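Below: one structure, written as structure tokens.
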Amino acid sequence: MVEIAPSILSADFTRLGEQIATVESAGAAYIHVDVMDGHFTPNLTVGPFIVEWVRKATKLPIDAHLMIENPDYFIGAFARSGANMISVHPETTYHLDRTINYIRQAGCQAGVVLNPATPLAMIEEVVANVDYVLLMSVNPGFGGQKFIPSSLDKLRRLRDLIRLKSSPARIEIDGGIAPDNAAEVALAGAEILVAGSAIFGAKDPAEALKKLLRAAESSGRVSA
Ligand code: DX5
Ligand code: ZN
0 MVEIAPSILS ADFTRLGEQI ATVESAGAAY IHVDVMDGHF TPNLTVGPFI
50 VEWVRKATKL PIDAHLMIEN PDYFIGAFAR SGANMISVHP ETTYHLDRTI
100 NYIRQAGCQA GVVLNPATPL AMIEEVVANV DYVLLMSVNP GFGGQKFIPS
150 SLDKLRRLRD LIRLKSSPAR IEIDGGIAPD NAAEVALAGA EILVAGSAIF
200 GAKDPAEALK KLLRAAESSG RVSA
């Protein structure tokens with residue numbers, strides 16, 4: 000099963016509600032929100048305040064990707080703002096297992112995120128206890144970067160690790176996803192494809208989303 004999570008990082012914020020409605024009716028499965036703090040990531044983006052507005056604009060689950068230091072301080076605020084899924088990078092918290100539990104206690108699905116240079120070993124001990132693993136296929140910080148090809152091999156190794164640990168985790172991929180690599184990543188194990196510029200950077204975001212989904216499905220995996 001392949002699903003698409005449009006990232007609003009590349010959306011037109013002067014008409015955010017309209018852009019979200021467009022991708023929702025085109026078949027998006029989630030709305031991906033990139034949260035950056037200017038410390039862990041060399042960019043600053045949005046916080047719970049914007050998630051509250053996203054919540055008003057859609058019925059889809061909101062997938063909050065936290066690229067911030069001390070995520071424990073903010074989990075409650077994101078959950079109250081309407082996030083349904085919250086993911087954190089292991090480098091940002093001293094006690095990853097505890098942070099995962101906080102996300103669950105806040106009523107959200109819990110995810111862990113691996114940067115391109117972060118080894119799978121960082122999540123080995125917790126992977127059985129997460130709902131999804133997000134693999135970064137660019138270095139976090141900006142939309143519109145180029146897909147790092149070694150991510151394909153890492154996806155396959157992540158799929159093996161998830162099987163080995165009998166984990167229920169779904170695999171999400173984020174960064175540089177476009178119709179030209181959607182089938183490859185889906186074949187390598189990605190089940191949720193995040194895409195920012197490939198959707199919102201296109202003239203017709205609805206058509207771009209459908210094109211991405213068709214490309215992913217050409218791998219032989221069926222969409223939701
Ligand atoms: C990057 C973010 C991504 C970003 C993806 O730090 O995590 O979600 O929006 O953008 P594209 O699809 O343009 O690479
Ligand atoms: Zn993201």
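Sequential numbering of the sequence shown, starting at 0, is according to numbering that gives the first Met the number 0.
From the three backbone atoms N, C-alpha and C, an ideal C-beta is built for every residue, glycine too.
Since the structure is predicted, the reported quantities are computational estimates derived from the model, not experimental observations.
- Of the residues Glu124, His88, Asn100 and Ser196, the one whose Cα lies closest to the Cα of Ser166 is Glu124.
- The C-beta of Asp179 has fewer than 16 other C-beta atoms within 10 Å across all chains shown, which makes the residue exposed.
- For Gly26, the Cβ stays outside the 8 Å cut-off from all heavy atoms of ligand 1.
- Ligand 1 approaches Gln144 closely enough that one of its heavy atoms is under 8 Å from the residue's Cβ.
- In this structure, the C-beta of Pro139 approaches ligand 2 to less than 8 Å from one of its heavy atoms.
- With a cut-off of 8 Å, the C-beta of Ile176 is classified as near ligand 1, since at least one heavy atom of the ligand falls inside that distance.
- Ile99 carries a helical assignment under DSSP once its states are collapsed to helix, strand and coil.
- If you ignore the 5 residues before and after Ala201, its C-beta comes within less than 7 Å of the C-beta of Ala207, all in its own chain and listed in chain order.
- Looking at the DSSP output, Asp62 sits in a beta bridge with His31 and Met84.
- Judged by beta-carbon spacing, Thr57 lies beyond the 9 Å limit of Pro89, meaning their Cβ atoms are not closer than that value.
- Shown here, Glu17 sits in a helix according to DSSP, grouped into three states.
- Taking Val126 as the centre and dropping the five residues before and after it, the same chain places the C-beta of Val132, Leu160, Ile161, Lys164, Ser166 and Ala168 closer than 7 Å to its C-beta, in chain order.
- According to DSSP, residue pairing for Ala194 in a beta bridge involves Pro5.
- For the pair of segments examined, the stretch 67 to 78 was found to touch the stretch 38 to 57: the number of CB pairs separated by less than 8 Å reaches three.
- The beta carbon of Tyr101 sits closer than 7 Å to the beta carbons of Asp71 and Ile74 from its chain, once the five residues preceding and following it are set aside; these are given in chain order.
- Residue pairing by DSSP leaves Met0 without any beta bridge partner.
- Inter-segment contact for the stretch 133 to 150 and the stretch 91 to 109 is absent: fewer than three beta-carbon pairs are separated by less than 8 Å.
- Note that the C-beta distance between Val50 and Gly16 is not below 9 Å.
- Just so you know, the alpha carbons of Val129 and Arg14 end up roughly 34 Å apart.
- For Ala109, the enclosing beta strand (DSSP E) begins and ends at Gln108 to Leu113.
- About 22 Å separates the beta carbons of Gln18 and Pro139, which is beyond the 8 Å limit, so they are not a contact pair.
- DSSP lists no bridge partner for Tyr93.
- Closest in alpha carbon position to Ser196, among Ile85, Ala177 and Asp152, is Ala177.
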